[in-house]
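*Asks:* Questions regarding the structure given below will be posed in turn.
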Amino acid sequence: MTFEEELRRAFDTLTDRLRHELDGHASAALDALAQSARAERDEAVARAQADARRERDEAIAAAEAAVRAEADARAEAAARADAAAHAEETLREREAAWRAQLDAASQAAAPPPPADGESLTRLAEGIRAMAAATSLGGVLEALVRAAGADGSAARLWLLRNDRLTSWTSDASAQTEEVALDEDRAVAAAARNNAPALRDGVERAFPLTLAGEVVAVVDVSAANRRLDAPSQTAEALEILARYASRALEAITAFKTARAVVQTPAEPARGPSGLSDEASSAEEHTSAQRYAKLLVSEIKLYHEADVVEGRRDRDLIARLGGEIAHARVMYEQRVPRHVRERADYFHDELVRTLANGDATLLEGQNVVRRT
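Counted the way the working numbering counts, the sequence shown spans residues -13 to 355.
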């Protein structure tokens, strides 16, 4: 073998060795690159999965919060609805109780004779008149008118400390005051809280407020129709019972309205339209409450009012009642309203003194600051 051949052979061997080494290095580099790519891919996948889980958890938490908020809102709405339903049910129950009492009084009467349809008409007219009345005096006036609608002589007696005082809607009319025992039928009706007999027929019928007898309506036998079968007497009892319920309803309504519409004295802030509206409402409520208090004094002490006007000694007769009503007025009406106007005194002048303020001058029990 020549030197040239040996040199070529050695060169080929070296070339093969270099090629083999280069292939090995290239293969190792490719493997390292692939491994690095796989690691980066796995890391990217892990990050993506973590981000996806976080976003999913946040979405779930937000959805749960929304569900809880909606559930709370529904629960609150349901609670308000339940409260409103309870209040409505209470009102319905009270109305049903009133109707049941009236129905019981109506059903207690025997069926009227066919020929006595006029009595039923008078009964219905009397009930309608009392239902339309908006004041205590209006109810009593409608009762007396209905009780005497057939020509009978009907009188209303107010009961106070075992004394009877005649009542009339005419403030200028003369009243009469007698001892309770002077009329046995009226006394029996007042003491027993039940219709009382005179000459074997029911003639006297009690009127009650909160279970206490406050008045008696007495119907005389001036008209022969009162001696008919018990329909007339029972119709009168229905009128008296309905009048009692109407008196209670008006008293409760006016008292509740005065309480609701007379709020506690508010903090005085900057003046504005809302303050002016609130002030107007407070003054209107104070006027209504003063009228309610003084009207009740006049209703239950009619004789003292008439005689006090005549003898100019209203305060001597009614000082205690006026002072008590004044205390109630000042408890309900805010001070800033009382400082601007004395509606209680104005109502005393208008209702008790019949517009004559001199009847109340110089009486410390009337005006207070």
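Beta carbons are placed, not taken as given, at the ideal position from N, Cα and C, and that holds for glycine. None of the values given here were measured: they were computed from a predicted structure.
Who does residue 151 pair with in a DSSP beta bridge?
*Replies:* Partner(s): 144 and 163.
*Asks:* Out of curiosity, what's the CA-to-CA distance linking residue 295 and residue 312?
*Replies:* If I take the Cα positions, the gap works out to 20 angstroms.
*Asks:* Any heavy atom of the ligand ADP inside 8 angstroms of the beta-carbon of residue 14?
*Replies:* Of the ligands one can find in the structure shown there are none, so the ligand ADP has no counterpart to examine.
*Asks:* Opposite residue 201 in the DSSP bridges: which residues?
*Replies:* In DSSP, residue 201 forms a bridge with 144 and 193.
*Asks:* Using three-state DSSP, classify residue 184 as helix, strand or coil.
*Replies:* In the structure shown, residue 184 sits in a strand (DSSP, three-state: E or B).
*Asks:* Tell me which residues share the same chain as residue 135 and place their Cβ nearer than 8 angstroms to its Cβ, disregarding the 5 neighbours each side in the sequence.
*Replies:* Counting only Cβ-Cβ distances below 8 angstroms, and skipping sequence neighbours, we find 108, 111 and 112.
*Asks:* Terminal residues of the continuous alpha helix (DSSP H) containing residue 289?
*Replies:* 288 to 297 is the span of the alpha helix (DSSP H), which, as asked, contains residue 289.
*Asks:* Give the straight-line distance between the Cα atoms of residue 254 and residue 325, rounded to the nearest whole angstrom.
*Replies:* Below a pLDDT of 50, predicted positions are generally treated as unreliable, and residue 254, at 47, falls in that range; no measurement from the model is reported.
*Asks:* With a threshold of 16 other CB atoms inside 10 Å of the CB of residue 330, please say whether the residue is buried or exposed.
*Replies:* So residue 330 counts as buried.
*Asks:* Three or more C-beta pairs under 8 angstroms: does that hold for the region 160 to 172 against the region 224 to 231?
*Replies:* No, the region 160 to 172 is not in contact with the region 224 to 231.
*Asks:* How about the region 137 to 149 and the region 194 to 204: do they share at least three Cβ pairs that are nearer than 8 angstroms?
*Replies:* Result yes; three or more Cβ-Cβ pairs closer than 8 angstroms.
*Asks:* Could you give the C-beta distance for residue 319 and residue 272, rounded to a whole number, given that I count them as a contact under 8 angstroms?
*Replies:* Contact flag correct, Cβ pair sits at about 5 angstroms.
*Asks:* With burial defined as no fewer than 16 other Cβ atoms inside 10 Å of the residue's Cβ, what is the status of residue 151: buried or exposed?
*Replies:* It is buried - the Cβ of residue 151 has at least 16 other Cβ atoms within 10 Å.
*Asks:* Out of 341, 41, 222 and 80, which has the shortest C-alpha to C-alpha gap to residue 142?
*Replies:* Among 341, 41, 222 and 80, the Cα nearest to that of residue 142 belongs to 222.
*Asks:* Beta-carbon within less than 7 angstroms of residue 277's beta-carbon, same chain only, minus the 5 sequence neighbours each way: which residues are those?
*Replies:* Excluding positions up to five away in sequence, the list reads 333.
*Asks:* Give the DSSP-derived three-state secondary structure of residue 319 in the structure shown.
*Replies:* The answer is coil: DSSP assigns residue 319 none of H, G, I, E or B.
*Asks:* Find out if the Cβ-Cβ distance for the pair residue 225, residue 132 is shorter than 9 angstroms.
*Replies:* Contact flag set, yes.
*Asks:* Helix, strand or coil for residue 121, going by three-state DSSP, please let me know.
*Replies:* In the structure shown, residue 121 sits in coil (DSSP, three-state: anything other than H, G, I, E or B).
*Asks:* Is it right to say residue 46 is buried, meaning 16 or more other beta carbons lie within 10 angstroms of its own, or is it exposed?
*Replies:* Residue 46 should be labelled exposed.
*Asks:* So, helix, strand or coil for residue 305, using DSSP?
*Replies:* Helix at residue 305.
*Asks:* So residue 283 packs on residue 307, CB below 8 angstroms; how close in whole Å?
*Replies:* So it is a contact: roughly 5 angstroms between Cβ atoms.
*Asks:* Would you tell me roughly how many angstroms separate the C-alpha atoms of residue 180 and residue 62, rounded to the nearest one?
*Replies:* Cα to Cα, the separation comes out at about 50 angstroms.
*Asks:* Looking at C-alpha atoms only, which residue of 314, 321, 19 and 299 is the closest neighbour of residue 338?
*Replies:* The shortest C-alpha separation from residue 338 is found at 299.
*Asks:* Between residue 125 and residue 236, how many whole angstroms is the CB-CB distance? I'm expecting something under 8 angstroms.
*Replies:* About 7 angstroms separates the two Cβ atoms, so the contact holds.
*Asks:* I need the straight-line Cα distance from residue 217 to residue 184, nearest angstrom please.
*Replies:* Per-residue confidence for residue 217 stands at a pLDDT of 44, beneath the threshold of 50, marking its modelled position as unreliable; the derived number appears in the next sentence. About 16 angstroms.
*Asks:* Which value, in whole angstroms, describes the spacing of the CA atoms of residue 154 and residue 60?
*Replies:* For residue 154 and residue 60, the distance between alpha carbons rounds to 58 angstroms.
*Asks:* By alpha-carbon positions, which one of 189, 182, 187 and 227 ends up nearest to residue 196?
*Replies:* Among 189, 182, 187 and 227, the Cα nearest to that of residue 196 belongs to 227.
*Asks:* Within the same chain, show all residues whose beta-carbon is closer than 8 angstroms to that of residue -9, passing over the 5 residues directly before and after it, in chain order.
*Replies:* The answer is none, since no qualifying residue turns up.
*Asks:* Expressed to the nearest angstrom, what Euclidean distance is found between the alpha-carbon atoms of residue 170 and residue 206?
*Replies:* The alpha-carbon atoms of residue 170 and residue 206 are separated by roughly 13 angstroms.
*Asks:* When burial is assigned at 16 or more other CB atoms within 10 Å of the CB, is residue 17 buried or exposed?
*Replies:* Exposed, by the Cβ-count rule.
*Asks:* Would you kindly report the start and end of the unbroken alpha helix (DSSP H) that includes residue 333?
*Replies:* Residue 333 -> alpha helix (DSSP H) spans 329 to 333.
*Asks:* Counting only runs that start and end within the region 8 to 79, where is the alpha helix (DSSP H) found for 4 or more residues in a row?
*Replies:* None, since the region 8 to 79 contains no complete alpha helix (DSSP H) of that length.
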